[in-house]
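722 is the number of the first residue of the sequence shown in my numbering; add one for each residue after it. Below is one structure, written out as structure tokens, with a few remarks after it.
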Amino acid sequence: MQWLYLYLPSLQLDSLLHQQPCDEAYVLVHQNQVVQANSQARQHGIALGTGIGAAALLCAQLKVIAYDHKHEQRLLKQLAQRLYQTSATLYLDPPQGLLLQTSDMLKLYEGMAAYWQRLQQPLIERGLHYHYASAHSPLAAQVLARAGNDRWLNNTQQVNALLAQLPIQKAGLPPKLTQQLERLGLNTLGQAQALPRSALGQRLGQELVTYLQLLEHTKPPVKTNYQPPERFRQGLELLYDIELSSALRFPLRRLLDDLEAFLAPRQLQATGLNLSLYYREFPAEKVHIGSSGGEYRAQVWLNLAMLRLEQLQLQAPIIAMRLSTRGQHAWAPLSDQLFEPQGGKLTADQLISRLQNKLGNHAVQQVFLRDDHRPERSFYQGQPKIHAAAAKATTSLRPSLLLTIPQALHHKPNQQWCVLSGPERIQSGWWDNVSICRDYFIARNPRGQVCWLFRTPREEWFLHGYFA
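See the structure below:
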């Protein structure tokens, strides 16, 4: 069995700086010590473990950010979600490691080159610095990757040779155990491996013996392998405070790219998105973005989101954002014109989505037919549903313009009116106490307009609509 370990020593800092590349020196600090530093900070002599005071003396313009263990764990899960498309079996090793079982994947991709190219793509897209190593055991791959080995090794003898040469300080052992080995004059991992296990156990404890056994152990870890969530939900901490809604485009695009990468392989579409914008002092701003027929493409969602955001007045600078899907369904491609190219035209769904996000959902209505013979009750307005099943329309002629309230005719239509058809008796509504009994006619008035008239049993005449 073959394993690959990915070590991401500056995951949180890389994710922050990837939003907006800059030439300034940045460090992440935990308990007053530098735990992550970018290349500009290292050029000033700032190393991991440097105190914050000493780091400030080395670089007066140093930018300091607090390290967030939980946030880095969330970033690791987001990366695992992307890599899951390439590797079916992987394990989280928080906060900066991922373990992948590669034996089956190497067969699927017919070798290491194509597989490794696919694995690297999301790492490069996110601007992440990483080390990697492959080995016959999970722990061996982890130790070599954290030591910066950066090699694919399929030969167990080569792996064991590299492990034997590894300095004891880079073996990933607890500091106390490392010091004990150094006091015994053991400077490399190979020197410790050469000693009898029973003697090591008596002298230094069972922890070291277990560690050496795991270096040779080829079975999967005891922990559960990673399973991606059923719904997309992802956040983003911003490197700079954003004061204008238009400036949210770039960080939002990052989230939407991940959304597309989540939906597309699953052949899913989202019908709505919830975007939360976080202020430093005010409650979060909730923005709802909708798509009439569902969508998965990042660019389409970005256009819809910006239509909504351009109407938003920010109360204060934005420091973080979170995106989640409000509804998901299977993607079934539909074409209104199967054999005719659309020529870049908007579909009905896309047009409705743009109007709703620009004007608001309640400002966009669609007329639906209802199974009712009474003209006033034969239709209703509601939220657009392009692919909803429609009620069966009547085969009789109906006017293009129906008056909301029929207009009474003070005189019976005379010879100057030309009756074109009728009468058509409509008698209905006895079940809801709004019954009608009317005889409808289509007639042309003296001005040449084609009208829809009706006569009541009391010989009263009304104008109810016009034909185009």
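Cβ coordinates follow ideal geometry from the N, Cα and C atoms, glycine included.
Taking only three categories from DSSP, how would you classify Lys784? The DSSP-derived three-state label of Lys784 is strand.
6 Å Cβ shell around Leu860 - same chain, five flanking residues per side excluded: Excluding sequence neighbours, Leu860 sits near Leu935 and Leu936.
Counting C-beta neighbours from all protein chains within 10 Å, is the total for Asn759 16 or more, i.e. buried, or is it exposed? Burial call: buried.
Go through its chain and collect everything with a Cβ distance to Ala1037's Cβ below 7 Å, but skip five positions before and after it. The answer, listed in chain order, is Tyr1000, Arg1001, Glu1002 and Phe1003.
Between His790 and Pro816, which are expected to be in contact by the criterion C-beta below 8 Å, what is the C-beta distance as a whole number of angstroms? About 6 Å separates the two Cβ atoms, so the contact holds.
For Ser855, tell me which candidate among Tyr932, Leu865 and Gly1015 has the shortest Cα-Cα distance. Proximity to Ser855 across Tyr932, Leu865 and Gly1015 peaks at Leu865, based on C-alpha coordinates.
Spatial neighbours of Val880 within its chain, please: CB distance less than 7 Å, with the 5 preceding and 5 following residues excluded, ordered by chain position. Excluding positions up to five away in sequence, the list reads Ala856, His857, Ala861 and Leu874.
Three or more C-beta pairs below 8 Å linking the segment 1007-1022 and the segment 980-987: A contact is defined here as three or more CB-CB pairs under 8 Å, and the segment 1007-1022 meets this definition with respect to the segment 980-987.
Residue of Gln988, Asn870, Glu1097 and Arg1119 minimising C-alpha distance to Trp1173: Checking every option, the nearest Cα to that of Trp1173 belongs to Arg1119.
Would Arg1047 and Asn995 be called neighbours here (beta carbons separated by less than 9 Å)? With contacts defined as CB atoms closer than 9 Å, Arg1047 and Asn995 qualify as a contacting pair.
Of all the alpha helix (DSSP H) runs that stay within the bounds of the segment 820-857, which reach a length of 4 or more residues? Whole alpha helix (DSSP H) segments, 4+ residues: 824-829 and 833-846.
Under the three-state reduction of DSSP, which class applies to His1185: helix, strand or coil? Shown here, His1185 sits in a strand according to DSSP, grouped into three states.
Could you have a look at Tyr961 and say whether DSSP puts it in helix, strand or coil? Per DSSP, reduced to three states, the secondary structure at Tyr961 is strand.
Just checking: is the beta-carbon of Leu1030 within a distance shorter than 9 Å of some beta-carbon in chain C? You won't find chain C in this structure, because it holds only one protein chain.
Have a look at Tyr851 and Tyr1101 and give me their C-alpha separation to the nearest angstrom. Those two C-alpha atoms are separated by around 59 Å.
Under DSSP, the alpha helix (DSSP H) around Leu973 begins and ends at which residues? DSSP places Leu973 in the uninterrupted alpha helix (DSSP H) bounded by Arg970 to Leu984.
When Lys1106, His1094 and Gln1128 are compared against Glu1145, the one with the closest alpha-carbon: When each option's Cα is compared against that of Glu1145, the closest is His1094.
Would DSSP call Asp1153 helix, strand or coil? Look at Asp1153 here: in three-state DSSP terms it is helix.
Do Ile889 and Ala915 come within 9 Å of each other at the CB atom, strictly closer than that value? With respect to Ile889, Ala915 sits apart: the two C-beta atoms are not nearer than 9 Å.
So for Glu1016, helix, strand or coil by DSSP? It is a strand residue.
Beta-carbon gap between Ala746 and Gln782 smaller than 9 Å: Their beta carbons are under 9 Å apart, which means Ala746 touches Gln782 by this criterion.
Counting along the chain, where does the beta strand (DSSP E) carrying Asn908 start and finish? Unbroken run through Asn908: none, as it is neither H nor E.
Report the three-state DSSP secondary structure of Arg1091 (helix, strand or coil). In this structure, DSSP gives Arg1091 a state outside helix and strand, which the three-state scheme calls coil.
Pro986 burial status per 10 Å Cβ neighbour count (16 or more: buried): Pro986 should be labelled exposed.
Is Ser1149 closer than 9 Å to Gln1077 when the C-beta atoms are compared? No, the Cβ-Cβ distance between Gln1077 and Ser1149 is not below 9 Å.
So Leu1190 and Ala1026 are supposed to be a Cβ contact under 8 Å. How far apart are they, rounded? Since the displayed the chain opens at 722 and closes at 1189, residue 1190 lies outside it and no answer follows.
Only counting the same chain, and skipping five residues up and downstream in sequence, which positions put a Cβ closer than 6 Å to that of Ser1045? Within the same chain, Ser1045 has close Cβ partners Arg954 and Asn995.
Using DSSP's beta-bridge definition, name the partner residues of Gly1011. Gly1011 is bridged to Gly993.
Starting from Arg952, trace the alpha helix (DSSP H) in both directions and tell me its first and last residue. It is not in any alpha helix (DSSP H) - Arg952 carries neither H nor E in the DSSP assignment.
Where do the N-terminal and C-terminal ends of the alpha helix (DSSP H) with Thr899 fall, by residue? Segment Pro896 to Arg904, the alpha helix (DSSP H) holding Thr899.
Take every Cβ of the segment 771-788, pair it with every Cβ of the segment 796-809, and state whether three or more of those distances are shorter than 8 Å. In this structure the segment 771-788 does not lie against the segment 796-809, because fewer than three pairs of beta carbons, one per stretch, are closer than 8 Å.
Taking the straight line between their C-alpha atoms, what separation do you get for Thr909 and Asp814? C-alpha separation (whole angstroms): 25 Å.
Quick one: is Ala1129 buried, meaning 16 or more other Cβ sit within 10 Å of its Cβ, or exposed? Sixteen is the threshold: since fewer than 16 other Cβ atoms of the shown chains lie within 10 Å of the Cβ of Ala1129, the residue is exposed.
Determine the DSSP secondary structure at Tyr932, reduced to helix, strand or coil. DSSP places Tyr932 in helix when its eight states are reduced to three.
Determine the closest residue to Lys897 out of Gly911, Gly926, Ala920 and Gln1136, with distance taken between C-alpha atoms. When each option's Cα is compared against that of Lys897, the closest is Gly926.
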